[in-house]
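Structure first, commentary second.
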Amino acid sequence: MVYFQISPVGFDCGIDKNNCQKYPDFCKECVKEQLQKFGLNLDHGLKFTIIDSEEKRIEMIKDLIWQKFLDVLNIKHILLTAKDSGLLLIDYPISGSGVDSGLLTGFIQANITFSESGTTSNGPANNGKSYPFYEFQYETFNILLKNREFVRICLVLDHKASDSLKNLVTEFLNEYEARYLDKLERFINTRQLNFEDTIDFIIDTFNIKLVFPMTLTHTFLPDTLEAIKRNPIQKAIIDFAKQLLASKQFFFIINLIDEVQKIVQIDSNIILYEIYQLLEQNYILPTTIEIAEDKILRFHESEATRLANNKLISPIIANDDAINELKEKAKYMSEEEVKKAIATYIKKAETAEKALIYKEALREYEKALFLATGFDFKEEIGRISFSVLELDKKIKDMDLDYAINIAEKAEKKKDYINAINYYQQCLKLLKEVQDFNGNESRIKKLGKKIVNLQKHL
């Protein structure tokens, strides 16, 4: 049996408070009775709060999200070590704090040994299953430590930890040891370090994606755009995100909040709440600087090769009459004429892109890139190259959505051959953009799905 603790959980009783004779004196007993019908154990630690309107519920969620954001902004580095030996299991820097992990772990071990010989800096001595917090200064940082049975977590912080962050640390340690007990026992027996695949759990638990570099999805469906337009804050968020992406490959939520707040002049927690909704709906996408920079670097390396040969990016228009004509015309064009032509092609590409005619947009961008590479206009090459990269991603996203849709329909009809065929197409598309989007989990799920479908043949 696996026992789950669900926190926090909201429950809508479905009864208008104005028509309920039990409200508010007997709400706790009434709700408890209804929840017990689902087999929930409510005998211990039940915290009961009445939120008597949708507005208050949303306000509470806004405050919770804002606190999550403040907590993750405070975290500079996360270290996970073996409790008994002090060996480093996970070394996860979040920002450029410059902390030396080796020196810090030695400092921690010395402080823990000293603290456990007497009293802790923040609570009673560790008796039995009681695991207190340790807090002390290291260089210019605040250190928060907590032990569990097998592991010790260390957070390097700018400021002292909030109560909510301490609660999160406790929840993390409890679940980490439950989830990865086999790994931990194997480590104790063999000293085999194999914990890199647990980093995703750390990222999810501490909401670290909120400080990741962000990009926008390339696929905004018409209904989505209409919904965003009806929400003026979300519209401002998307508009400013596009402005930030015009000069950089990604943006950060903290910068986006600042930009939006300059215009709408509302509380930061309200803006963050709307950004969070867009994140949940995958309209704003977290990535990592390493992944984004690696993808862009490899793109520009391949672009450099193409530049040497003055070749087009795709074969779509390699034999196009218009490009052949452009090749001849370019031989006799001045730099000023080339720059005007590039601007014209870019404008046509942007117009086609807005109209969702992506292949035509790619055609125009590549004409502009052909001229820019031929005349070695480095600034234009970089700008157009990134536009092509982004557009190529949009096209792949559309192809992926189409293939998934066809595959799912075929699977429902038990047409397993076609389902496998289209799922394999999805797999190929995901692998092409894996480094930039972090699609590893989707790739694994699709691989398992294909294997399961093959069993029906």
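Residue numbers (numbering that gives the first Met the number 0): 0 to 456.
Note that CB positions come from ideal geometry on N, CA and C, so glycine has one too.
If you drop the 5 nearest sequence neighbours on each side, which residues of the same chain put their C-beta closer than 8 Å to that of I265? Taking I265 as the centre and dropping the five residues before and after it, the same chain places the C-beta of I232 closer than 8 Å to its C-beta, in chain order.
Helix, strand or coil: how does DSSP classify K145 here? Three-state result, K145: strand.
How would you call H76, buried or exposed, if buried means at least 16 neighbouring beta carbons within 10 angstroms? Under this definition H76 is a buried residue.
Nearest to S163 by CA position, among T197, T204 and V450, is which residue? Of T197, T204 and V450, the residue nearest in Cα terms is T204.
Confirm the yes/no value for this check: CB of Q108, any heavy atom of the ligand HEM, distance under 7 Å. Within the structure as shown, the ligand HEM is missing, as the structure has no ligands at all.
Could you check the C-alpha separation between I236 and I253 for me, to the nearest Å? For the pair I236 and I253, the Cα-to-Cα distance works out to about 12 Å.
4-residue-minimum alpha helix (DSSP H) runs that sit fully inside the segment 343–391, ordered along the chain: Counting whole runs of 4 or more residues, the segment 343–391 contains the alpha helix (DSSP H) stretches 357–373.
Whole-angstrom distance between P285 and L79, CA atom to CA atom: Rounded to whole angstroms, the gap between the alpha carbons of L79 and P285 is 24 Å.
D15 vs H217 beta-carbon contact at 8 Å: 8 Å or more divides the Cβ of D15 from the Cβ of H217.
From N188 to S129, what distance separates their C-alpha atoms? Annotation: N188 to S129 spans about 25 Å, alpha carbon to alpha carbon.
Pairing CB atoms from the segment 355–369 with CB atoms from the segment 378–393, are three or more of them under 8 Å? Between the segment 355–369 and the segment 378–393, the count of Cβ pairs shorter than 8 Å is three or higher; the stretches touch.
Determine the closest residue to E138 out of P131, F171, L167 and S100, with distance taken between C-alpha atoms. Nearest to E138 by alpha-carbon distance, out of P131, F171, L167 and S100, is S100.
Alpha carbon of E410 to alpha carbon of L452, nearest angstrom: The alpha-carbon separation between E410 and L452 amounts to approximately 8 Å.
Residues bridged to T189 (per DSSP): According to DSSP, T189 bridges with nothing at all.
Do P212 and S251 count as a contact pair if the criterion is CB distance below 8 Å? Per the sequence shown, the amino acid found at residue 251 is Phe instead of Ser. Cβ distance < 8 Å, so F251 and P212 count as in contact.
In three-state DSSP terms, what is M332? M332: coil per DSSP, three-state reduction.
Return yes when the Cβ of I207 is within less than 8 Å of the Cβ of I93, no when it is not. Yes, the Cβ-Cβ distance between I93 and I207 is below 8 Å.
Looking only at its own chain, which residues have a Cβ that is under 8 Å from the Cβ of R441, when we skip the five neighbours before and after it? Hits under 8 Å: L429.
Outcome for E352 when other beta-carbon atoms lying within 10 angstroms are tallied against a minimum of 16: That one is buried.
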